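There are 2 protein chains.
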Amino acid sequence: MGTREKILAAAAEVMREQGYARATTKEIARAAGFSEAALYKHFADKTEIFLGVMTSQLPGLNAVLGDLTPGRHTVRGNLVRITSTAIDFYTESFPIGASLFSSRELLAAHRAAIHEHGAGPRTPVTRLANYLRAERDLRRLPSTSDPDAIATLLLGAAFQQGFLRHWDTDAGDPTTLARKLVKAVLP
Amino acid sequence: MGTREKILAAAAEVMREQGYARATTKEIARAAGFSEAALYKHFADKTEIFLGVMTSQLPGLNAVLGDLTPGRHTVRGNLVRITSTAIDFYTESFPIGASLFSSRELLAAHRAAIHEHGAGPRTPVTRLANYLRAERDLRRLPSTSDPDAIATLLLGAAFQQGFLRHWDTDAGDPTTLARKLVKAVLP
DNA sequence: GTCTATATCCCGATAGAC
DNA sequence: GTCTATCGGGATATAGAC
């Protein structure tokens, strides 16, 4: 693992554990085992470090969404798996994502950065809705069901769980909850 | 409005508009029309100001939930109104709520403060679920429906919308979305 | 109660040696 | 590429006059 990667991993760890306010260059450097000056040989400024964390250190929800193949397994099973994974994903990324609201500049910089990748926080919802539309076309979902609404509901609930799990540490098993939620949207 | 209230209102405004990082004592004092020293005559420290904002300046979702009376109006109409209000509520409070993740101390302090009031971020979900249980007992909901799941889905989706609306400013009308979501969870 | 002025600290970022 | 040392600035919080 190169210096750059070590710095990003350390930054992600500090942000998760201590919050953005404590994620100072000094603290990141200490956690990475380098001097502060070394950070600035690999990144232009602190915002660039933060953007690097967002794009490379957060676990991928998209990878799991990519495995979704219409017609394979059961729709219900696929939705449970996606919802459960989404709960874990949002739980992990919530503290770092929330840091975006520390400053308008950070939010704007991040928006610009990921806009270049053509992705965004709505992407998972869109992809899940597209999958559901395909299943509906295959007659594996009633023609009356609303793919967009179902995707919004399931991933929205997963998103909020990501927040709530930092509040109550004693939240239940993601899969158990996912099963209940899916049952409520699939007739 | 007393000095204390002016300070809290100014602090809330700055946090919403500029983010927590820019919500410095200097900036809050300027927005409130006082000196920085005046802040410390009314609050012990900056954390106390933040806690005051959280408890007194955020709009109440609970007030609307209190208006819910099982058996009155239609279940569908009630759910649309709650969901739509929740979208607005979460949109307004998201930037300030996200600031909680700036530091572990802030999160811990806030948790302790609202624990005394016996409330928390799960309260709206619980109250909505209780309302739905009552409607189910009145046979206005199928006996097979899951009140907890429906409440989690609707308020979860509203919560995520609160975030997404800060990303895309061009999000649709809350009521229109609320109607689609409610339709998907009510058979 | 509110002000001006200041103390103290620590942040992000850079200079320059090796 | 990495270090030590340091700068300029701005943060929270306080002292003391009115």
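Taken in sequence, the protein lines are chains E and C.
Everything in the first sequence is counted per the numbering used here, starting at -1 for the first residue and increasing by one.
Everything in the second sequence is counted per the numbering used here, starting at -1 for the first residue and increasing by one.
A virtual CB, placed ideally from N, CA and C, is assigned to each residue, including glycine.
Computed from a predicted model, the values in this text were never measured in an experiment.
With a 10 Å radius around its C-beta and 16 neighbouring C-beta atoms as the bar for buried, classify residue i as buried or exposed.
i       : result
C/A117  : exposed
E/S54   : exposed
E/G64   : exposed
C/N76   : buried
E/D171  : exposed
E/M13   : buried
E/P93   : buried
E/A110  : exposed
C/A242  : The requested residue 242 of chain C is not part of the displayed model; chain C covers only -1 to 185.
E/M(-1) : exposed
E/G69   : exposed
E/H108  : buried
C/L98   : buried
Taking 7 angstroms as the cut-off, is the CB of residue i close to at least one heavy atom of the ligand SAM?
i      : result
C/K181 : The ligand SAM is absent from the structure shown, which contains no ligand whatsoever.
Residues of chain C with a CB under 7 angstroms from the CB of residue i: which are they?
i     : result
E/G50 : None at all; the shortest Cβ gap to chain C is about 19 angstroms.
Show which residues of chain E have a CB atom less than 7 angstroms away from the CB atom of residue i.
i      : result
C/A182 : D144, A147, I148, L151 and V183
C/A96  : A96 and F99
C/P93  : F99
Which chain C residues are close to residue i, counting only those with a beta carbon under 8 angstroms from its beta carbon?
i      : result
E/P119 : F161, L162 and W165
E/L179 : A147, T150 and L151
Strictly below 8 angstroms CB to CB, what residues from chain E border residue i?
i      : result
C/G154 : L151, G154, A155, A156, F157, Q158 and Q159
Can you pull the chain C residues whose beta carbon is under 9 angstroms from the beta carbon of residue i, in chain order?
i      : result
E/P172 : Those within 9 angstroms of E/P172 in chain C number zero; the least Cβ separation is about 13 angstroms.
- Task: May I ask you to list, following chain order, the residues of the segment 136 to 150 of chain E that have a beta carbon less than 9 angstroms from some beta carbon of chain C?
- Result: Against chain C - using a Cβ distance shorter than 9 angstroms - the residues of the segment 136 to 150 of chain E are S143, D144, D146, A147, I148 and T150.
- Item | Selection of the segment 17 to 30 of chain E by Cβ proximity to chain C, strictly under 9 angstroms | For the segment 17 to 30 of chain E, the set of positions with a beta-carbon nearer than 9 angstroms to some beta-carbon of chain C reads G17, Y18, A19 and R20 in chain order.
- Query: Residue ranges of each alpha helix (DSSP H) run of no fewer than 4 residues wholly in the segment 46 to 77 of chain E, ordered along the chain?
  - Reply: Counting only runs of 4 or more, we get 59 to 64.
- Between the segment 52 to 80 of chain C and chain E, which residues of the former have a C-beta closer than 9 angstroms to a C-beta of the latter? So the list is empty, because no residue satisfies the distance condition.
- Message: Please give the ranges of any alpha helix (DSSP H) in the segment 137 to 172 of chain E, keeping only runs that are unbroken, at least 4 residues long and fully inside the region.
- Response: Runs found: 145 to 165.
- Query: At a Cβ cut of 8 angstroms, what residues of the segment 101 to 119 of chain E count as close to chain C, listed as they run along the chain?
  - Reply: Those would be S101, R102, L104, L105, R109, G118 and P119, in chain order.
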